[in-house]
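Participant: According to numbering that gives the first Met the number 0, the sequence shown is numbered sequentially starting from 0. Just so it is clear, CB atoms sit at the ideal spot from N, CA and C, and this is done for glycine as well. Quantities reported herein were computed from a predicted structural model and do not represent experimental measurements.
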Amino acid sequence: MKRMGAASFGAKQTGTRKAAAEEKQGLTADGDEQRSAESEGLNVEDARRLCPSTNDLKWVDQFPYVPSYRFHPYRSVAGATCSLLLGFVFFLRMVSSTMDFVDLPPVVTESREQFPRDSTEQYTLPRIGVQFRENGWRPFNDPRYMQINFDQGVIQRSGNITYTQLGSRECAFVDKDGRLIADDARCPRTTGHLQGDFHDVTFAFVRARLARCDNGTDVEGKPLPGMCMPPAAIDSVIYEGVLYLFEQEDDMRVDSSEPFMRIRQWRREFVTGTHISSDIYFTVRKVTQEARYIFDAYLPGFSAGFTFMLLDDYQETYTDFDEVAAQYAAFYFRLAPEMIRQRRSYTSLFALFESWGASGAFLFVLFGLTAQNWNAWRFNRQVAGLDIRKLDRAQFTQHGRLIDKSFQMPREFQCMSAE
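1) With burial defined as no fewer than 16 other Cβ atoms inside 10 Å of the residue's Cβ, what is the status of Met308: buried or exposed?
2) Where does Ile233 sit, in a helix, a strand or coil, going by DSSP?
3) Beta-carbon within less than 6 Å of Gly135's beta-carbon, same chain only, minus the 5 sequence neighbours each way: which residues are those?
4) State the Cα-Cα distance for the pair Ile237 and Arg211, rounded to the nearest angstrom.
5) Keeping to the same chain, check which residues put their C-beta closer than 8 Å to that of Pro224; ignore five residues upstream and five downstream.
6) Over the uninterrupted beta strand (DSSP E) stretch that includes Val129, give me the two end residues.
7) Relative to the C-alpha of Thr201, which residue among Tyr144, Leu365, Gln151, Arg261 is closest?
8) Just how far apart, CA to CA, sit Gly220 and Thr161?
9) Quick one: Cα of Ser157 to Cα of Ala203, how far?
10) Output the boundary residues of the beta strand (DSSP E) element that contains Arg211.
11) So, for Ile402: in the same chain, excluding its five sequence neighbours on each side, which residues have a beta-carbon less than 7 Å away from its beta-carbon?
12) CA-CA distance, Glu37 and Lys389?
13) Are the beta-carbon atoms belonging to Arg261 and Glu248 less than 9 Å from one another?
14) Give every residue of the same chain whose Cβ lies closer than 8 Å to the Cβ of Leu26, excluding the five residues on either side of it in the sequence, and list them in chain order.
15) Use the C-beta contact count for Val101: other C-beta atoms within 10 angstroms, 16 or more gives buried, fewer gives exposed.
16) Helix, strand or coil: how does DSSP classify Gly399 here?
17) Thinking Asn374 and Ser75 are a contact (beta carbons under 8 Å), I'd like their distance in whole angstroms, please.
18) What does DSSP give as the partner residues of Pro354 in its beta bridges?
19) Quick one: what's Tyr280 bridged to in DSSP?
20) So, for Ser118: in the same chain, excluding its five sequence neighbours on each side, which residues have a beta-carbon less than 8 Å away from its beta-carbon?
21) Note down, in chain order, each residue of its chain lying with its Cβ closer than 8 Å to the Cβ of Phe332, except the 5 sequence neighbours on either side.
22) Can you tell me whether DSSP reads Tyr238 as helix, strand or coil?
23) From the DSSP secondary-structure annotation, give me the bridge partner or partners of Ile275.
24) Quick one: Cα of Phe305 to Cα of Pro115, how far?
25) First and last residue of the alpha helix (DSSP H) that includes Asn372?
26) Do the CB positions of Arg111 and Glu337 come within less than 9 Å of each other?
27) Have a look at Ala350 and Phe245 and give me their C-alpha separation to the nearest angstrom.
28) Does Tyr122 come out as helix, strand or coil in the three-state DSSP assignment?
29) For Arg143 and Arg168, which I take to be in contact (beta-carbon distance under 8 Å), what is that distance rounded to the nearest angstrom?
30) Between Ala328 and the rest of its own chain, which residues show a CB-CB distance below 8 Å, the 5 nearest in sequence each way excluded?
31) Does DSSP put Lys389 in a helix, a strand or coil?
32) According to the neighbour-count rule (16 or more other Cβ atoms, all chains shown, within 10 Å of its Cβ), is Phe378 buried or exposed?
33) Suppose you measure from the CA of Arg291 to the CA of Glu353; what does that come to, to the nearest Å?
34) Helix, strand or coil for Ser429 per DSSP?
35) So, with DSSP's three-state summary, where would you put Val419?
36) From the DSSP secondary-structure annotation, give me the bridge partner or partners of Ala181.
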C-alpha cells in the first residue's frame, strides 16, 4: 500500500515537472520571438493589435530623409565662376527692375466701344475757331463781304433740324509755350454740345459756316439796298483767300499723369464755284489711372480718372455753290461712332518681388545646378574605387580634395583575405 502510494506520488510529481518544463520552454520560445522582433525594431505589443496605430501610418511616407556621409564640400574654380556670375547677373537684374519700377511710364491699354444708344449724356465741344485770310495770309473779317456764324443743331427722332444761334466773337489761340498761333479768329460766343448720332432719339451737333453778306430781298425778290458789297466782288475776295480751322483740346501723354493742351489747325483753299462741307468727328477718351504704390490712392490730389474730348476723324465733300444759300463752306462738329477707354497701370510691388524670384530661380538652374553637377562629377572621380564609408573629414581639404589615397585599398580587393 505504501509502495503504491509512493509510486503514484512520484508519477504525479514527474508530470508536474514535465508540464512546468513545457511551460518554461514555451515562455522561452515566446521570449526569443519577442527579443527577435524587438531587435528588428518592432514593438511586439503594437504588432498584436488589431487596429493600426499612428506609428504604422509613418510607413506611408514616401519622402524619407536618408542621412549621407558628411565631408568638406567640394569647391572648384568653375563653381566659383558660376557663383560670381549668378550674383552679378542677379544684382544687375534687381537694379534694372527697380529702376523700371520707379521711372518707367505706365502700361497703357486702350479699347474702343460704341457709345450707348439713345444716351442722354451731353459732351461739351472743345474750343474751336474759324479764320478767313485774304490772299492767304492777312486775317479778314469785313462784314460787308462775309460772316462766320455758329449754330447749335438738334434733331429729334431723325426728324426736322432745329438750329439755335450760338453767336460769334473775336478770339485768339495761344499754345502751351505762349506762342501766338492765330489772332482775329471767330469763335462761338456760347459753347455748344454734342450728343448721339442721327439714329438716336436726340442728335446734337454744332455747325460753323462761312456765308456771303446778304442785304435781303423785297416781296418781289429784288435785292434790297444795304451795306453788303456786290456778289461778284465778294466771290472774288473769297475764292482768292484761304480758310483756317483751329481746335484746342486737352490730352494726356503716356509718360505723364498731367494733362496738356494741344492746338490743331487745318488750311483749306477754295475752288471757284465749289462749296466745301466738312464733317469733324470727336471722340471721348475716358482714362482710368491706377495707383503706382499701395497708398497712393488715399493721398490728397490723386485722381483716378479723366475724360477728354479729342478729334477723331474728318470727312470732306465738295458740291456746287448754291446762289440761294450763298454759303461758301460749312463745318459740322459731331460725335464719332466709338469712344475710347484707356487704362493706365503700373508694375505692382508684388510683381517686382515675383520678377526677382523668377530671375533667381532661372539663374540658379542655369549656373547653380551646372556648377553643382560639375563639382559632384569631380568629387566622385577622385574617390572612384574607394569605399567612401571608410573615409572621414580629416582625409579631405577644406575644399573637398582628397589628401592622399595611396593607403586606401580599392573596393575590388577589399573582400580578399591573406592566406
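Facilitator: Answer, in terms of the structure:
1) For this step, residue 308 is matched to residue 309 along the sequence shown. Buried, because 16 or more other Cβ atoms sit within 10 Å of the Cβ of Met308.
2) Mapped onto the sequence shown, residue 233 falls at position 234. Of the three classes helix, strand and coil, the one that applies to Ile233 here is helix, per DSSP.
3) Along the sequence shown, one-based indexing puts residue 135 at 136. Hits under 6 Å: Val241.
4) In the sequence shown, counting from the first residue as 1, residue 237 sits at position 238. In the sequence shown, counting from the first residue as 1, residue 211 sits at position 212. Going from the Cα of Ile237 to the Cα of Arg211 covers about 9 Å.
5) For the purposes of this step, residue 224 is identified with residue 225 of the sequence shown, where counting begins at 1. Result list for Pro224: Asn214, in chain order.
6) Counting from 1 along the sequence shown, the entry for residue 129 is found at position 130. That run of the beta strand (DSSP E) goes 126–133.
7) Counted from its first residue, the sequence shown places residue 201 at position 202. The residue among Tyr144, Leu365, Gln151, Arg261 with its C-alpha nearest the C-alpha of Thr201 is Gln151.
8) Taking the first residue of the sequence shown as 1, we reach residue 220 at position 221. Taking the first residue of the sequence shown as 1, we reach residue 161 at position 162. Cα to Cα, the separation comes out at about 26 Å.
9) Your numbering for residue 157 matches position 158 in the sequence shown. Your numbering for residue 203 matches position 204 in the sequence shown. Each residue's Cα considered, the two are about 11 Å apart.
10) Taking the sequence shown and counting its residues from 1, the one referred to as residue 211 is at position 212. Segment 201–211, the beta strand (DSSP E) holding Arg211.
11) What you label residue 402 is simply residue 403 of the sequence shown in a count that begins at 1. Cβ neighbours of Ile402 within its own chain (closer than 7 Å, five residues either side excluded): Gln394, Phe395, Thr396.
12) Along the sequence shown, read from residue 1 onward, the residue named residue 37 stands at position 38. Along the sequence shown, read from residue 1 onward, the residue named residue 389 stands at position 390. In this prediction, Glu37 has a pLDDT of 49, which is less than 50 and means its spatial position is unreliable; what the coordinates show is noted afterwards. So the alpha carbons of these two residues sit roughly 29 Å apart.
13) Within the sequence shown, numbered from 1, the residue matching residue 261 stands at position 262. Within the sequence shown, numbered from 1, the residue matching residue 248 stands at position 249. With respect to the 9 Å criterion, Arg261 and Glu248 are classified as neighbours on the basis of their beta carbons.
14) Your numbering for residue 26 matches position 27 in the sequence shown. Summary for Leu26: the model assigns pLDDT 43, below 50, so the residue's position carries little reliability; its value from the coordinates is reported in the next sentence. For Leu26, where only same-chain residues beyond five positions count, there are no Cβ hits under 8 Å.
15) Walking along the sequence shown from the start, residue 101 turns up at place 102. That one is exposed.
16) Counting from one through the sequence shown, the residue named residue 399 turns up at place 400. Here Gly399 sits in coil by DSSP.
17) For this step, residue 374 is matched to residue 375 along the sequence shown. For this step, residue 75 is matched to residue 76 along the sequence shown. Yes, Asn374 and Ser75 are in contact; Cβ-Cβ is about 6 Å, under 8 Å.
18) Within the sequence shown, numbered from 1, the residue matching residue 354 stands at position 355. As written in the sequence, residue 354 is Ser, which differs from the Pro given in the question. Beta-bridge pairing links Ser354 to no other residue.
19) Taking the first residue of the sequence shown as 1, we reach residue 280 at position 281. BP columns for Tyr280 point to Asp312, Arg333.
20) Within the sequence shown, numbered from 1, the residue matching residue 118 stands at position 119. Annotation for Ser118: Gln194, Gly195, Asp199 place their beta carbon closer than 8 Å to its own, counting only its chain and skipping 5 residues before and after.
21) The residue you call residue 332 lines up with position 333 of the sequence shown. For Phe332, where only same-chain residues beyond five positions count, the Cβ hits under 8 Å are Leu124, Ile127, Gly191, Leu193, Phe204, Val205, Arg206, Ala207, Ile279, Phe281.
22) The sequence position of residue 238 within the sequence shown is 239, counting from 1. Here DSSP, grouped into helix, strand and coil, assigns Tyr238 to helix.
23) One-based indexing of the sequence shown puts residue 275 at position 276. According to DSSP, Ile275 shares a beta bridge with Tyr317, Ala328.
24) As a working mapping, residue 305 is identified with position 306 in the sequence shown. As a working mapping, residue 115 is identified with position 116 in the sequence shown. Going from the Cα of Phe305 to the Cα of Pro115 covers about 19 Å.
25) As a working mapping, residue 372 is identified with position 373 in the sequence shown. 368–381 is the extent of the alpha helix (DSSP H) around Asn372.
26) Position 112 of the sequence shown, counted from the first residue, corresponds to residue 111. Position 338 of the sequence shown, counted from the first residue, corresponds to residue 337. For Arg111 and Glu337, yes; Cβs fall inside 9 Å.
27) Sequence index remark: in the sequence shown, residue 350 carries index 351 (1-based). Sequence index remark: in the sequence shown, residue 245 carries index 246 (1-based). So the two alpha carbons sit approximately 45 Å from each other.
28) Locating residue 122 in the sequence shown gives position 123, where the first residue counts as 1. Here Tyr122 sits in strand by DSSP.
29) Here residue 143 refers to the residue found at position 144 when the sequence shown is read from its first residue. Here residue 168 refers to the residue found at position 169 when the sequence shown is read from its first residue. Distance from Arg143 to Arg168 at the Cβ level is roughly 19 Å; contact not present, criterion being Cβ atoms closer than 8 Å.
30) Residue 328 sits at position 329 when you count from the first residue of the sequence shown. The residues are Arg208, Leu209, Leu242, Arg267, Phe269, His274, Ile275, Ser276, Ser277.
31) Taking the first residue of the sequence shown as position 1, residue 389 is located at position 390. Assignment of Lys389 by DSSP, reduced to helix, strand and coil, places it in the helix class.
32) Here residue 378 is taken as the residue at index 379 of the sequence shown, counted from 1. A residue is called buried once 16 or more other Cβ atoms fall within 10 Å of its Cβ, and Phe378 is buried on that count.
33) Taking the sequence shown and counting its residues from 1, one reaches residue 291 at position 292. Taking the sequence shown and counting its residues from 1, one reaches residue 353 at position 354. One C-alpha to the other measures close to 17 Å.
34) For residue 429 there is no data in the structure shown, the boundaries of the chain being 0 and 418.
35) Here the chain comprises residues numbered 0 to 418, so residue 419 is not present and cannot be evaluated.
36) Counting from one through the sequence shown, the residue named residue 181 turns up at place 182. According to DSSP, which records beta bridges pairwise, Ala181 is partnered with Phe172.
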